[in-house]
Every structure is written in C-alpha cells, then in structure tokens.
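Report on the structure given below.
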Amino acid sequence: MLDKNNKAARKFKALHKSVMDKFLQFETSLKPIHDKWEKPELGEGYSVVIDGGEFFDKAGINFSQISGESLPRSSVGSENFQKAPYFATGVSVVFHPKNPNIPTSHLNVRYFCTFKDGDILEEWFGGGFDLTPYILFEEDCSLWHKNAKKASSHNYEEWKKNCDDYFYLKHRDEHRGIGGVFYEKQKYEDIGEGLNLSEKIVNAFINSYLEIISKRKDFKFSERQKEFQRFRRGRYVEFNLIYDRGTLFGLQSGGRIESILMSLPNEVSWRYKFEEQLTDEEKELYMAIKKSKKWA
Numbered sequence: 005m006l007d008k009n010n011k012a013a014r015k016f017k018a019l020h021k022s023v024m025d026k027f028l029q030f031e032t033s034l035k036p037i038h039d040k041w042e043k044p045e046l047g048e049g050y051s052v053v054i055d056g057g058e059f060f061d062k063a064g065i066n067f068s069q070i071s072g073e074s075l076p077r078s079s080v081g082s083e084n085f086q087k088a089p090y091f092a093t094g095v096s097v098v099f100h101p102k103n104p105n106i107p108t109s110h111l112n113v114r115y116f117c118t119f120k121d122g123d124i125l126e127e128w129f130g131g132g133f134d135l136t137p138y139i140l141f142e143e144d145c146s147l148w149h150k151n152a153k154k155a156s157s158h159n160y161e162e163w164k165k166n167c168d169d170y171f172y173l174k175h176r177d178e179h180r181g182i183g184g185v186f187y188e189k190q191k192y193e194d195i196g197e198g199l200n201l202s203e204k205i206v207n208a209f210i211n212s213y214l215e216i217i218s219k220r221k222d223f224k225f226s227e228r229q230k231e232f233q234r235f236r237r238g239r240y241v242e243f244n245l246i247y248d249r250g251t252l253f254g255l256q257s258g259g260r261i262e263s264i265l266m267s268l269p270n271e272v273s274w275r276y277k278f279e280e281q282l283t284d285e286e287k288e289l290y291m292a293i294k295k296s297k298k299w300a
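FYI, the numbering for the sequence shown is 5 to 300, going by this note's numbering.
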C-alpha cells in the first residue's frame with residue numbers, strides 16, 4: 005500500500021520538476037516564489053508561483069500529496085467516499101501569460117486510492133489539459149489537439165468530449181476555451197500503466213505549449229486585445245469558482261487555500277454587455293468556443 009503511494013508521489017514530484025524546468029525560464033523579471041508546505045493531518049506540497057511578472061501575469065505549478073479519513077463528495081471515482089480513508093497525489097499547473105497572443109493553459113494529473121482495513125479498496129487516475137485562447141490561431145488549436153490525440157491514443161475522442169463537457173459554463177452557454185483532453189476514473193491492474201499515462205499527458209502539454217509560446221511570444225498586442233483578455237479571464241474565474249471539482253475538492257478536504265486559488269489570474273474584468281461590442285477578431289474566437297469543434 006505505502007509502496008504504491010510513494011511510487012506515485014515520486015513520479016508526480018518528477019513531473020512537477022519537469023514543468024518547472026521548461027517554463028520558469030521565460031520569466032526573467034522576478035524570481036518565482038518557491039513555497040514548500042506541510043499541513044498537519046493532511047499532507048504536504050510544493051507550490052511554485054509567479055505573481056505579476058513581465059512574461060506571466062500569473063503562473064502556478066503545484067504538487068501535493070494528501071490523505072484523510074473520508075474522501076470529499078467532489079471527488080469522482082469512489083463509491084465509498086463517506087467511509088473510506090484516502091490518499092491523493094498530483095500536479096496542477098496554470099499559466100496566464102501577459103501577452104494575449106499566448107493562450108492561458110491548464111494541466112492536471114492525479115492519483116487517488118481509498119482503503120479498507122489497511123488494504124487498497126479502489127485506485128484510479130485522472131487528468132488532462134486544456135487551452136484558453138484570447139486571439140484565435142487555428143494552427144495552435146490544431147497542434148494542441150494533435151498532440152493530445154497522440155498522447156491519448158484510442159481514448160482521444162472520448163476524452164476530448166469529456167473535456168468539452170467539463171469545461172463548459174452552463175450559465176454563459178459557452179466553453180472555457182477550445183478544450184483538449186480530460187479523463188477520470190482510469191483504473192489499471194498495474195500502477196505503472198497509470199503513471200506512464202500521466203507522464204505522456206504532461207509531456208504532450210509541455211511540447212505543445214512550448215511550441216505555441218515560441219511562435220507567439222514576440223507578437224505585439226493592443227490595449228483593446230489586453231482588455232478582451234481581462235474580460236475573458238473573468239469567464240475563467242467564474243468556471244473555477246462555480247464548477248471546478250478540483251477547487252471544490254481542495255476546499256472540502258481542508259486544503260491549503262493559497263494553493264487551491266493559485267489558478268486565478270490577477271487582472272480580470274467584468275464588463276456590462278461587452279459581447280455586444282465585439283470586434284471581428286473577438287467574434288471569431290467566440291465562434292470557436294460556443295460549440296465544440298473538431299481540431300484533429
């Protein structure tokens with residue numbers, strides 16, 4: 005039991021480091037905040053945050069491993085959430101670049117297990133990644149989904165639909181972005197298979213987002229484009245605070261608030277009836293997020 009938990013935690017720590025090594029290089033204006041934390045009777049983690057940088061308005065790269073006596077209701081995969089002790093570990097990443105030509109991106113991979121009488125009762129993996137553009141570059145969306153398809157293999161169509169369905173704001177009748185892949189309750193006889201999947205997902209995210217950054221980081225942008233970015237980030241905040249199960253899980257498990265809310269951008273706006281004032285460029289983006297689209 006402990007061997008599996010430790011193996012999963014070691015793998016996710018390594019994946020956490022690989023994301024840090026690839027993306028922290030872009031922020032040269034300030035040093036990231038490295039925050040290793042422990043919370044008695046819950047667990048530990050390592051949060052790396054960029055707050056108000058020249059490249060990233062906000063970025064968070066978080067690792068955690070926690071345990072408790074009863075799995076919160078927001079968790080998916082356990083039929084015994086009210087009774088079973090649990091262990092969970094994972095990596096959660098969000099990048100909010102300053103330049104609106106570069107989309108916001110999100111990554112999460114995680115492992116859960118529940119116990120009964122000292123033995124593992126259930127164990128499963130979840131995860132995925134999604135993209136939230138502010139200016140539509142169709143080639144970036146296609147790249148994102150082609151790499152997601154390679155990492156997901158025969159599961160791509162199902163996991164793409166999961167992503168489209170999950171990252172959807174019902175009260176706005178629109179998706180958070182152009183999606184990606186999202187999976188839950190993936191169970192394997194060998195924990196190594198689930199960890200290999202997690203690594204594939206993380207590597208696909210890294211390679212896709214690095215390529216998008218390299219193509220868009222030197223693009224100029226206007227104040228209007230920045231204004232639209234702040235407006236669309238408002239939708240991002242709405243989703244995370246109203247619908248996101250990861251946020252709910254963190255709050256219901258007594259998690260660390262700073263880490264739970266690190267995904268929220270600093271600069272956000274809500275404009276009254278702003279949709280009635282959209283430019284042609286902004287309307288093009290709305291066409292892509294109103295309905296699911298085949299990208300790969």
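The beta carbon of each residue, even a glycine, is placed where N, CA and C say it ideally should be.
For S273, the number of other beta carbons within 10 angstroms of its own is below 16, and it is reported as exposed.
In this structure, S202 sits near K15, with a CB-CB distance shorter than 9 Å. Fewer than three beta-carbon pairs drawn from the segment 231-250 and the segment 117-127 are found closer than 8 Å, and the two stretches are therefore not classed as touching.
In this structure, W148 sits away from L140, with a CB-CB distance that is not shorter than 9 Å.
Below 8 Å, enough C-beta pairs join the segment 17-31 and the segment 57-77 to call them touching: three or more. With a cut-off of 8 Å on Cβ pairs, the segment 156-173 is not in contact with the segment 49-62, counting fewer than three such pairs. Between the segment 123-132 and the segment 257-276 there are fewer than three inter-stretch CB-CB distances shorter than 8 Å, so the stretches are not counted as touching.
Remark: C-beta atoms of Q69 and F91 approach each other more closely than 9 Å. Of the candidates N244, N151, R249, H38, N244 places its Cα closest to the Cα of L268. Of the residues F223, K294, G49, the one whose Cα lies closest to the Cα of G183 is K294. Ranked by Cα distance from T283, the options V185, Y138, Y172, E142 are led by Y138. Shown here, L34 sits in coil according to DSSP, grouped into three states, outside any helix or strand.
Between the C-alpha atoms of A155 and F133 there is a straight-line separation of about 11 Å. V241 has its alpha-carbon roughly 11 Å from the corresponding atom of M266. Nearest C-alpha to L173 among I246, D222, I210: I246. Under DSSP, D134 forms a beta bridge with H110, G184. In the DSSP assignment, C117 forms a beta bridge with F91, E127. Separation of the CB atoms of P36 and V23 is rounded to 12 Å, and the pair is thereby denied contact status at 8 Å. The shortest CA-to-CA distance from L46 to any of G254, M291, K11, F223 is the one to G254.
The shortest CA-to-CA distance from R249 to any of D222, F186, A88, Q190 is the one to F186.
Counting of Cβ neighbours within 10 angstroms places P44 among the exposed residues, the total staying below 16. Taking every protein chain shown into account, the CB of F223 has fewer than 16 other CB atoms within 10 angstroms, so this residue is exposed.
Around the C-beta of D7, fewer than 16 other C-beta atoms lie within 10 Å, and the residue is accordingly described as exposed. If you check the CB distance, S263 and G72 do not come in under 9 Å.
Straight-line spacing of the CA atoms in L34 and E193 works out to 45 Å.
For K17, same chain residues with a beta-carbon under 8 Å away, outside a window of 5 residues either side, are Y50, F67 in chain order. Rounded to the nearest whole angstrom, the CA to CA distance from I106 to N200 is 29 Å. Between S74 and K87, the CB-CB gap stays under 9 Å. Taking the C-beta atoms as reference points, L289 is found no nearer than 9 Å to F209.
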